[in-house]
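Participant: This structure is in structure tokens; I'll ask about it shortly.
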Amino acid sequence: MTTATRSKPKTLATETTLHDVLIIGAGFAGLGAAIQLKQAGISDIVILERGTAVGGTWRDNQYPGAACDIPSNLYSYSFAPNPDWSRAYSGSREILGYIHHLVAEYQLEELIRFGQNVTSMAFDETAGLWRIETSHGERHAARAVVMAPGPLSNASLPKMEGIEQFKGHKIHSAMWDHSYDFAGKRVAVIGTGASGVQIIPELVKVADKVTVFQRTPGWVLPRIDFAPNAQMKSLFRRLPLTQKALREAMFWIHEAMATGIVWNTPVTKVIERIGQWHLKSQVKDRWLRRQLTPDFTIGCKRVLMSNDYFRALQAPNAKLITWPIATLSAEGVRTVEGIEHQVDCIVFATGFDVNKTGTPFPITGLDGRRLSEEWSRGGQAYKSINVSGYPNLFITFGPNSGPGHNSALVYMESQINYLVQGISALLRGGHKSLDVKPAVQASYNASIQKRLSKTNWNTGCKSWYLTADGFNATMYPGFATQFAQQMKTFDLADYRAG
Amino acid sequence: MKALNPKELPAHSEAEIHAKLEKMLVKIKATQWALADIDWDAPGREVVTEDAVLYPKLKAFMADLMWIEHVGARGFAAMAKVAPTDTLKEIYQYFHAEEQRHANAEMALMKRWGMLDGDTLPEPNINIRLVVEWLDRYADEQPLEVLGSVIPMLEIVLDGSLCKFLLETVHDPVCHEAFGHINNDESRHLGVDFMVLELLGFGSTYQNAIKAVGNVLNPKLMIGILSYAPLLNKMRDNLMALGLPEERLNVALRKYRTIGGRTAQGRRNAWFQIISRHGALVANRAYSAYHRPVDGLVWLTSKLPAQWLPKPPSWVNELTWKPAA
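Read top to bottom, the protein sequences are chains A and B. If you read the first sequence in this note's numbering, its first letter stands for residue -1, the second for the next number, and so on. If you read the second sequence in this note's numbering, its first letter stands for residue 170, the second for the next number, and so on.
Here it is in structure tokens:
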């Protein structure tokens, strides 16, 4: 297995390099797109990666306990099954290992330029090219661009009052400080979302004291985790169809969950009952149970999966605080009940800066239009992947492509399938540009928003799925099967060919 | 023709009240304080500890006050569950914590004055225990109308009579500093309480009355009333024993009636009408038809063996006099 890591770009080019396809980001989506494009016979590809290693979210999220809350057999590409997963729900190191394996297996390393942070891109209508600039001053031009920056790729310390005053150590879950020794330390964890529930049980094992600050309790469901034995792995290796069948079974179980997670139905109540039972079976104290009971419909926010979070909170060295935080201070966290919780280290499990409005860098389309302006109140695209006025641009995990109940990689594969068709049509159809028609995009979004209004995400809770105005530019209101169906065919009639 | 109340205020629209609540939340967040802001070892404790007459009465009073604040805190936690808007929910979450802060600060004063047995909590009286038990089991299920009308009455009594009386009686500067903070919080609480009283009066008198009758008939609320009424009587008598003039209570209750009833919506809130009349009954011992049976309940509850009561809920253990954890 290669490490696919380089500290610096090989050269600093001063002249523009031209490619058929330029991919931004060497995470799961960017690498998956490169694999499928290569398999479709498109080989002039370059991948620009701002970091020094592949892996995106899984490279960055290496905190203790980091794992995927979708089973690994489903959270992997169907075209690259891994018979050797060590657990049903693998940890982030193993997932990152899988990504490195993809790079080696499909010989992607030669395509990747590390340390290349894209600073702007603009469409040159005359030439039918995207012109891309990076912070190193490199200039690239490409017939098509695949933007695969990842929805969960940017994290920063939250803007909390007093954060600058705190004298102790500060760690963000997505930028873990592996050199910090938690043994004997008093640790505060701020945030009890997907990262928090994974970190807390691990910290409780090593730290002297763990104080957990919760704003809103989430729904926590049990995770049926197990370690596949040698016979199972051997069976998957000898008869790949068995692993495929397991993946299919997992897919349909997750699809079935949509009937309760995505929409409010009697199934929702059943899943909530499972959550309540899980809480009651692990937490005997009535008040603690009340503190941990969500007051929103399951699915409205990300559903959490953990078998050990509740137990960890009840460990003798752990304490759950639900008082609002008044301010951070030099010594720790002051909460509104007037007490200063003094700690040596604060772990911010406060999530990511999800780009629901604007763009990560300036993107200029036809006639000088700026995507950041058009998306200032929430992104809109056609089938989540193309934006009218920005020809030959394909966005993975674009607006309204997020799953709430199934594997992100299933959605990703559908998008990759679509963009391979689109790029093939562009390069082989003799077109200079393919730009989705405005009316087609508008009609698609009207339908998406209408469908979203009937989902659990739009039932009133505050979540990172929504913009400050309550606009849902993040989630896809349907089954993964529906999403795959809509992405199955690239219909040229929906596009203006230039 | 009926004379107009000179203090009658023009009715606010619901939108105006919600806008005011938004502003209030911003103000609440901007005016936080912590126990660590107060020097609990500053000079002046001897004015309390060396007053042999005041000391035992004050010790009993502070324990009651602390428990009442704590019980009020739990009331706000229940109200946060049923708040009709996110803003009001967040305000109540803050008030829950702020009332807890008051109880913590009062416990810190008790610690300063040597009124605590080590680190242990002052023992709650049996009536407090019963109210704690009721709050723990049933408060979260109560409609906002009930607690949203009772809590302003309790707060106005606390703010308008008890705390003022305490500051007149106790001349320890640290006590004054702590209650300066507490009173500032309480004035914001009262501001919100009365906005909510008004909010609860929207709708017709008939509808409000029907809703109130429905609530009163709820057996869980009846149990609450049976726990709450003797506690008030006992508290009232303890206060009189400490030297609080009865008129002080009446002034505070009149204030509740005046402010709560200054708009037509406020007066339409059936629970406001019930609570204000009930407050007047509690304050005046001359209403024997009320006081005899309630005193009977006080007597009866005092005979309840403590071991019959379940273990206090764990939220009680959150109380602390320590500024840092």
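Quick reminder that beta carbons are idealized off the backbone N, C-alpha and C, glycines included. Remember, predicted model here, so these are calculated numbers, not experimental data.
Is the beta carbon of phenylalanine 359 of chain A sitting closer than 8 Å to the one on alanine 153 of chain A?
Facilitator: Result no, Cβ atoms of phenylalanine 359 of chain A and alanine 153 of chain A do not sit closer than 8 Å.
Participant: Glycine 376 of chain A and proline 149 of chain A: beta carbons closer than 8 Å?
Facilitator: Not a contact, by the Cβ cut-off of 8 Å.
Participant: Identify whether valine 345 of chain A lies in helix, strand or coil by the three-state DSSP scheme.
Facilitator: Of the three classes helix, strand and coil, the one that applies to valine 345 of chain A here is strand, per DSSP.
Participant: Distance, Cα to Cα, methionine 170 of chain B vs arginine 449 of chain A?
Facilitator: Caution is warranted here: a pLDDT of 37 is assigned to methionine 170 of chain B, below 50, making its placement in the model unreliable, and no coordinate value can be reported.
Participant: On the DSSP letters alone, give me the boundaries of the alpha helix (DSSP H) that aspartate 58 of chain A sits inside.
Facilitator: Element bounds for aspartate 58 of chain A: 55 to 58.
Participant: Using a Cβ-Cβ distance cut-off of 8 Å, determine whether leucine 516 of chain B contacts chain A.
Facilitator: With chain B covering only 170 through 494, there is no way to say anything about residue 516 of chain B.
Participant: Under the DSSP definition of a beta bridge, which residues are partnered with threonine 209 of chain A?
Facilitator: Answer is A:Ala186 and A:Lys317, bridged to threonine 209 of chain A.
Participant: Just list the residues that DSSP pairs isoleucine 33 of chain A with in beta bridges.
Facilitator: DSSP lists no partner for isoleucine 33 of chain A.
Participant: Are the Cβ atoms of isoleucine 295 of chain B and leucine 469 of chain B separated by less than 8 Å?
Facilitator: Taking 8 Å as the Cβ cut-off, isoleucine 295 of chain B and leucine 469 of chain B do not qualify as a contacting pair.
Participant: Does the count of Cβ pairs from the segment 198 to 212 of chain A and the segment 296 to 312 of chain A closer than 8 Å reach three?
Facilitator: These segments touch.
Participant: Just verifying my parser: in three-state terms, what is the DSSP assignment at arginine 461 of chain A?
Facilitator: As written in the sequence, residue 461 of chain A is serine, which differs from the arginine given in the question. Three-state result, serine 461 of chain A: coil.
Participant: Provide the residue(s) that pair with glutamine 340 of chain A in DSSP beta bridges, ordered along the chain.
Facilitator: In the DSSP output, where bridge partners are listed per residue, glutamine 340 of chain A has A:Gly330.
Participant: Classify glycine 393 of chain B as helix, strand or coil using the three-state DSSP reduction.
Facilitator: Residue state, collapsed to three classes: helix.
Participant: Along the segment 268 to 279 of chain B, where does the CB come closer than 7 Å to a CB of chain A? Name the residues.
Facilitator: From the segment 268 to 279 of chain B, only Gln269, Arg270, Asn273 and Ala274 have a Cβ closer than 7 Å to chain A.
Participant: Candidates B:Trp484, B:Leu413 and B:Gln476: which alpha carbon is nearest valine 301 of chain B's?
Facilitator: Nearest option by C-alpha distance: B:Trp484.
Participant: Against chain A, does tryptophan 484 of chain B count as a neighbour if the rule is that its beta carbon must be under 8 Å from one of theirs?
Facilitator: Yes, contact with chain A.
Participant: Output yes if chain A places a C-beta closer than 8 Å to the C-beta of tryptophan 477 of chain B; else output no.
Facilitator: False, the Cβ-Cβ gap to chain A never drops below 8 Å.
Participant: Note down, in chain order, every chain A residue with its Cβ under 8 Å from the Cβ of lysine 250 of chain B.
Facilitator: Ordered by position in chain A, the residues that pass the 8 Å Cβ test against lysine 250 of chain B are Asp293.
Participant: Taking the continuous alpha helix (DSSP H) assigned at tyrosine 425 of chain B, which residues delimit it?
Facilitator: 415 to 429 is the span of the alpha helix (DSSP H), which, as asked, contains tyrosine 425 of chain B.
Participant: Just how far apart, CA to CA, sit glutamine 442 of chain B and arginine 436 of chain B?
Facilitator: One C-alpha to the other measures close to 7 Å.
Participant: Of all the CB atoms in chain A, is at least one closer than 8 Å to the CB of leucine 173 of chain B?
Facilitator: Residue placement at leucine 173 of chain B cannot be trusted, given a pLDDT of 44 that sits under 50; what the coordinates show is reported in the next sentence. It does not: the Cβ of leucine 173 of chain B has no partner Cβ on chain A nearer than 8 Å.
Participant: Taking DSSP as the reference, what is the three-state secondary structure of leucine 219 of chain A?
Facilitator: Reduced to three states, the DSSP call for leucine 219 of chain A is strand.
Participant: Using the Cα positions of leucine 364 of chain A and threonine 209 of chain A, report the straight-line distance between them to the nearest angstrom.
Facilitator: Near 52 Å, if we compare the C-alpha coordinates of threonine 209 of chain A and leucine 364 of chain A.
Participant: How would you label isoleucine 188 of chain A, buried or exposed, when you count the other beta carbons within 10 angstroms and need 16 or more for buried?
Facilitator: Its Cβ being crowded by 16 or more others within 10 Å, isoleucine 188 of chain A is buried.
Participant: Confirm, please, whether the CB-CB distance from tyrosine 73 of chain A to serine 405 of chain A is below 8 Å.
Facilitator: Yes, the pair counts as a contact, with Cβ atoms nearer than the cut-off.
Participant: Let's test the definition: count the other Cβ atoms within 10 Å of the Cβ of aspartate 433 of chain A and tell me whether it reaches 16, buried, or not, exposed.
Facilitator: That one is buried.
Participant: Helix or strand or just coil, what does DSSP make of serine 279 of chain A?
Facilitator: Three-state result, serine 279 of chain A: helix.
Participant: Taking asparagine 454 of chain A and glycine 297 of chain A to be in contact with their CB atoms under 8 Å, please state how far apart those CB atoms are, rounded to whole angstroms.
Facilitator: About 4 Å; that satisfies the 8 Å criterion.
Participant: Just reading off the alpha helix (DSSP H) that proline 334 of chain B is part of, what are its end residues?
Facilitator: Reading off the sequence, residue 334 of chain B comes out as phenylalanine, not proline. That run of the alpha helix (DSSP H) goes 332 to 338.
Participant: Looking only at DSSP bridge pairs, what is phenylalanine 121 of chain A linked to?
Facilitator: Bridge partners of phenylalanine 121 of chain A: A:Trp128.
Participant: Please name the residue in A:Gly258, A:Phe112 and A:Ala313 whose C-alpha comes closest to that of histidine 403 of chain A.
Facilitator: Nearest of A:Gly258, A:Phe112 and A:Ala313 to histidine 403 of chain A, Cα basis: A:Gly258.
Participant: Is the shortest distance between the beta-carbon of isoleucine 337 of chain A and the beta-carbons of chain B less than 8 Å?
Facilitator: Answer yes: the Cβ-Cβ gap between isoleucine 337 of chain A and chain B drops below 8 Å somewhere.
Participant: Cα-Cα, which of B:Lys424, B:Ala274, B:Arg306 and B:Arg357 is closest to lysine 192 of chain B?
Facilitator: For the residues B:Lys424, B:Ala274, B:Arg306 and B:Arg357, the minimum Cα distance to lysine 192 of chain B belongs to B:Arg357.
Participant: If you draw a straight line from the alpha carbon of tryptophan 490 of chain B to that of methionine 248 of chain A, how long is it in whole angstroms?
Facilitator: Straight-line Cα distance between these residues: approximately 53 Å.
Participant: With the cut-off set at 8 Å, would you say histidine 350 of chain B and tryptophan 202 of chain B are in Cβ contact?
Facilitator: A contact, by the Cβ cut-off of 8 Å.
Participant: Using the Cα positions of proline 215 of chain A and aspartate 406 of chain B, report the straight-line distance between them to the nearest angstrom.
Facilitator: Approximately 42 Å between the Cα atoms of the pair.
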